[in-house]
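**Q** Residue numbers (our numbering), protein chains in the order written: chain W, 10 to 183; chain L, 10 to 183.
Number of protein chains: 2
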Amino acid sequence: MPNKPVSTWEDSREEFIAQWGALGSNWGINRTMAQIHALLMTAPEPMYTDEIMQRLHISRGNANTNLRELNGWGLIRLVVKKGERREYFEAEKDVWKMFIIIAKERKRRELDPALGVLKGCAEQTKGENAGPGRDFHRQMKELQEFVEFGMKVSDTVAGMKHASALQWAIKLLG
Amino acid sequence: MPNKPVSTWEDSREEFIAQWGALGSNWGINRTMAQIHALLMTAPEPMYTDEIMQRLHISRGNANTNLRELNGWGLIRLVVKKGERREYFEAEKDVWKMFIIIAKERKRRELDPALGVLKGCAEQTKGENAGPGRDFHRQMKELQEFVEFGMKVSDTVAGMKHASALQWAIKLLG
DNA sequence: TCTAACTTTCACAACTATCTGAAAGTAGGA
DNA sequence: TCCTACTTTCAGATAGTTGTGAAAGTTAGA
Numbered sequence: 010m011p012n013k014p015v016s017t018w019e020d021s022r023e024e025f026i027a028q029w030g031a032l033g034s035n036w037g038i039n040r041t042m043a044q045i046h047a048l049l050m051t052a053p054e055p056m057y058t059d060e061i062m063q064r065l066h067i068s069r070g071n072a073n074t075n076l077r078e079l080n081g082w083g084l085i086r087l088v089v090k091k092g093e094r095r096e097y098f099e100a101e102k103d104v105w106k107m108f109i110i111i112a113k114e115r116k117r118r119e120l121d122p123a124l125g126v127l128k129g130c131a132e133q134t135k136g137e138n139a140g141p142g143r144d145f146h147r148q149m150k151e152l153q154e155f156v157e158f159g160m161k162v163s164d165t166v167a168g169m170k171h172a173s174a175l176q177w178a179i180k181l182l183g
Numbered sequence: 010m011p012n013k014p015v016s017t018w019e020d021s022r023e024e025f026i027a028q029w030g031a032l033g034s035n036w037g038i039n040r041t042m043a044q045i046h047a048l049l050m051t052a053p054e055p056m057y058t059d060e061i062m063q064r065l066h067i068s069r070g071n072a073n074t075n076l077r078e079l080n081g082w083g084l085i086r087l088v089v090k091k092g093e094r095r096e097y098f099e100a101e102k103d104v105w106k107m108f109i110i111i112a113k114e115r116k117r118r119e120l121d122p123a124l125g126v127l128k129g130c131a132e133q134t135k136g137e138n139a140g141p142g143r144d145f146h147r148q149m150k151e152l153q154e155f156v157e158f159g160m161k162v163s164d165t166v167a168g169m170k171h172a173s174a175l176q177w178a179i180k181l182l183g
């Protein structure tokens, strides 16, 4: 009788972790952070630092930094097991919640500062009423309004429960 | 009589270019590319390579590379003036069109490859029907479906004219 | 209080991305 | 054809990011 292959899903998981790490880079997220996230997202149980270090072949400092960073994003959380000193980590696994966390964070990092710049530029040139100065002012205004608008949409969607978002989207797509 | 200040809008523009460049980095776009884009977006007339080099204090190679890259994105286009050899560049200024271009490109770069990975992992583990293997498979499936769904929404929105997108959004927000 | 199990920090090393500038390539027109 | 005005390429330099590992810091409980 041939041997049963040893857990195909573990191989697939390995693949997932590696690829997700690589994707992270195209994406503005550092490789280790993406890998840790992938690892925890697919972990049946919470894991602690040394397990993660071994599994991903990374140093303690690196593991620690990226775990804190992921925790800052809200994508993983600290778990304490009673009677144990060490900290375990587990990832948020609900896809919709993950999406909302990421959307909020990206908004904060990408949109908020951009809006500041645009507002400033629009404000400074609001007196321009002819020629290229006026055109510049208009463009800043348009960009500002567009960004504000995008932020509103993002807030609205992020405030939705998964079910109502789905319903809304079905209407849009249908 | 005090001197009239020399074009406040030019100062504001300078600021915009500098800040936009800095923002680009938080954003996964390289600084020079973002600066060139900001420069052209606010240029009353098309510009040519040497002007851009001087204005941003960058080398010829750098200017050339990033201009081609922006052209590849479709965010700027080449303009030839009759009777002139050299190439001029001008940016797309319509905010909605810019948004659509960027959304499409990000989808292609960020979502398409991720989808590939997820599909692969889901496929490989579709036989798992118990324990952590099944959970893994489920998670890959969920992620896959979510990404596919996101892509559909993105396509739908990108196919809209500005006016209908606005109308749709007003309904969403109202 | 002391120890041991753990977490955090940080100077430096390794790696990656970006930029430069000079040389090579290209094409319009004399 | 050759010159000239331009564009493209690319090897090496620079700058920026991420990772390492050992030392310092923290805290629970003996």
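Idealized CB from N, CA, C, for every residue including glycine.
All of these numbers come straight from a predicted model, not from anything done at the bench.
Which runs of the beta strand (DSSP E) at least 3 residues long sit entirely within the segment 67 to 137 of chain W? Give them in chain order.
**A** The segment 67 to 137 of chain W contains these whole beta strand (DSSP E) runs: 85 to 89, 96 to 100.
**Q** Hey, does residue 102 (chain L) have any beta-carbon neighbour from chain W nearer than 8 Å?
**A** Reading the second sequence from its first residue, position 93 is the one you call residue 102 (chain L). Chain W, which has a Cβ nearer than 8 Å to the Cβ of residue 102 (chain L), makes this yes.
**Q** I want to verify the contact list: residues of chain L whose CB lies under 7 Å from the CB of residue 134 (chain W), in sequence order.
**A** Position 125 of the first sequence holds residue 134 (chain W). Residues of chain L passing the Cβ test: 17, 18, 21.
**Q** Going by CA-CA distance only, name the one from W:80, W:148, W:71 that's closest to residue 126 (chain W).
**A** Translated into the one-based positions of the first sequence, residue 126 (chain W) becomes position 117. Of the candidates W:80, W:148, W:71, the one whose C-alpha sits nearest the C-alpha of residue 126 (chain W) is W:148.
**Q** Can you tell me whether residue 11 (chain W) is helix, strand or coil according to DSSP?
**A** By 1-based counting over the first sequence, the position of residue 11 (chain W) is 2. Low confidence applies to residue 11 (chain W): its pLDDT is 49, below 50, so where it sits in the model is not reliable, and the reading given next is rough at best. Here residue 11 (chain W) sits in coil by DSSP.
**Q** Sorted by chain position, which residues of the same chain lie with C-beta nearer than 8 Å to residue 110 (chain L)'s C-beta, five sequence neighbours on each side aside?
**A** For the purposes of this step, residue 110 (chain L) is taken as residue 101 along the second sequence, with counting starting at 1. Closer than 8 Å at Cβ, skipping near neighbours: 82, 83, 84, 101.
**Q** Assuming residue 150 (chain L) contacts residue 131 (chain L) under a Cβ cut-off of 8 Å, what Cβ separation, rounded to an integer in Å, is found between them?
**A** In the second sequence, residue 150 (chain L) corresponds to position 141, counting from 1. In the second sequence, residue 131 (chain L) corresponds to position 122, counting from 1. Contact holds; Cβ gap of about 5 Å.
**Q** Could you tell me whether any Cβ in chain W is nearer than 8 Å to the Cβ of residue 170 (chain L)?
**A** In the second sequence, counting from the first residue as 1, residue 170 (chain L) sits at position 161. For residue 170 (chain L), the answer is no, since every Cβ of chain W falls outside 8 Å of its Cβ.
**Q** If the cut is a Cβ gap below 9 Å, which residues of chain L does residue 177 (chain W) touch?
**A** Indexing the first sequence from 1 puts residue 177 (chain W) at position 168. The contacting residues are 181.
**Q** So, with DSSP's three-state summary, where would you put residue 50 (chain L)?
**A** Counting from 1 along the second sequence, the entry for residue 50 (chain L) is found at position 41. Looking at residue 50 (chain L) - three-state DSSP - the assignment turns out to be helix.
**Q** Measuring only between beta-carbons, confirm whether residue 155 (chain W) sits less than 8 Å from chain L.
**A** Here residue 155 (chain W) refers to the residue found at position 146 of the first sequence. Chain L, which has a Cβ nearer than 8 Å to the Cβ of residue 155 (chain W), makes this yes.
**Q** Taking residue 144 (chain L) as the query, report the chain W residues whose CB atoms sit under 7 Å from its CB, ordered along the chain.
**A** For the purposes of this step, residue 144 (chain L) is taken as residue 135 along the second sequence, with counting starting at 1. Near residue 144 (chain L) (Cβ distances below 7 Å), the residues of chain W are 53.
**Q** Could you confirm whether any beta carbon from chain W is found closer than 8 Å to the beta carbon of residue 65 (chain L)?
**A** The sequence position of residue 65 (chain L) within the second sequence is 56, counting from 1. Answer no: the Cβ-Cβ gap between residue 65 (chain L) and chain W never drops below 8 Å.
**Q** So residue 104 (chain W) packs on residue 152 (chain L), CB below 8 Å; how close in whole Å?
**A** Your numbering for residue 104 (chain W) matches position 95 in the first sequence. Your numbering for residue 152 (chain L) matches position 143 in the second sequence. Their Cβ separation, rounded to whole angstroms, is 6 Å, which keeps residue 104 (chain W) and residue 152 (chain L) in contact under 8 Å.
**Q** Could you please give me the residues that DSSP links to residue 56 (chain L) through a beta bridge?
**A** Looking up residue 56 (chain L) in the second sequence gives position 47. BP columns for residue 56 (chain L) point to L:98.
**Q** Cβ of residue 123 (chain W) less than 8 Å from any chain L Cβ?
**A** On the first sequence, position 114 is the one that residue 123 (chain W) refers to. Cβ-Cβ to chain L under 8 Å: yes for residue 123 (chain W).
**Q** Below 8 Å on C-beta distance, what does residue 50 (chain W) contact in chain L?
**A** Counted from its first residue, the first sequence places residue 50 (chain W) at position 41. Those within 8 Å of residue 50 (chain W) in chain L are 148.
**Q** With H, G and I counted as helix, E and B as strand and the rest as coil, what does DSSP make of residue 179 (chain L)?
**A** By 1-based counting over the second sequence, the position of residue 179 (chain L) is 170. Helix, per DSSP.
**Q** Please report the residue range of the alpha helix (DSSP H) in which residue 170 (chain L) lies.
**A** Against the second sequence, residue 170 (chain L) aligns to sequence position 161. Here residue 170 (chain L) belongs to no alpha helix (DSSP H), and DSSP marks it neither H nor E.
**Q** Exposed or buried, residue 22 (chain W), counting other C-beta atoms within 10 Å across all chains shown (16 or more means buried)?
**A** Reading the first sequence from its first residue, position 13 is the one you call residue 22 (chain W). The residue in question, residue 22 (chain W), is buried, as its Cβ has 16 or more Cβ neighbours within 10 Å.
**Q** Along chain W, which residues have their Cβ under 8 Å away from the Cβ of residue 137 (chain L)?
**A** Along the second sequence, one-based indexing puts residue 137 (chain L) at 128. Correct list: 17, 18.
**Q** Less than 8 Å separating the beta-carbons of residue 88 (chain W) and residue 78 (chain W)?
**A** Sequence index remark: in the first sequence, residue 88 (chain W) carries index 79 (1-based). Sequence index remark: in the first sequence, residue 78 (chain W) carries index 69 (1-based). Their beta carbons are not under 8 Å apart, which means residue 88 (chain W) does not touch residue 78 (chain W) by this criterion.
**Q** Mind pulling the chain L residues with CB within less than 7 Å of residue 118 (chain W)?
**A** Position 109 of the first sequence, counting from 1, holds the residue named residue 118 (chain W). Within chain L, the residues near residue 118 (chain W) are 35.
**Q** Would you kindly work out how many angstroms separate the C-alpha atoms of residue 171 (chain L) and residue 50 (chain W), rounded to a whole number?
**A** Counting from one through the second sequence, the residue named residue 171 (chain L) turns up at place 162. Counting from one through the first sequence, the residue named residue 50 (chain W) turns up at place 41. Cα-Cα distance, rounded: 38 Å.
**Q** Let me confirm a value: residue 139 (chain W) is counted as buried when at least 16 other C-beta atoms fall within 10 Å, else exposed. Which label applies?
**A** Translated into the one-based positions of the first sequence, residue 139 (chain W) becomes position 130. By the neighbour-count rule (16 or more Cβ atoms within 10 Å), residue 139 (chain W) is not buried but exposed.
**Q** Alpha carbon to alpha carbon, how far is residue 27 (chain L) from residue 154 (chain W)?
**A** Numbered from its first residue, the second sequence carries residue 27 (chain L) at position 18. Numbered from its first residue, the first sequence carries residue 154 (chain W) at position 145. Distance between the alpha carbons of residue 27 (chain L) and residue 154 (chain W): 21 Å.
**Q** Starting from the beta carbon of residue 151 (chain L), find every residue of chain W whose beta carbon is closer than 8 Å, and list them in chain order.
**A** Residue numbering aside, residue 151 (chain L) sits at position 142 when the second sequence is read from its first letter. Residues of chain W passing the Cβ test: 104.
**Q** Taking the alpha helix (DSSP H) that residue 26 (chain W) belongs to, which residues open and close that run?
**A** Looking up residue 26 (chain W) in the first sequence gives position 17. From DSSP, the alpha helix (DSSP H) with residue 26 (chain W) extends over 17 to 34.
**Q** For a contact meaning CB atoms closer than 9 Å, what does residue 24 (chain L) contact in chain W?
**A** As a first step, residue 24 (chain L) is located in the second sequence; it is residue number 15 there, counting from the start. Per Cβ cutoff of 9 Å: 126, 129, 130, 133.
**Q** Cα separation between residue 92 (chain W) and residue 54 (chain W)?
**A** Numbered from its first residue, the first sequence carries residue 92 (chain W) at position 83. Numbered from its first residue, the first sequence carries residue 54 (chain W) at position 45. Answer to the nearest angstrom: the Cα atoms are 17 Å apart.
**Q** If we count the other Cβ atoms within 10 Å of its Cβ and call it buried at 16 or more, is residue 45 (chain W) buried or exposed?
**A** On the first sequence, residue 45 (chain W) is found 36 positions in, with the first residue counted as 1. By the 10 Å Cβ count, residue 45 (chain W) comes out buried.
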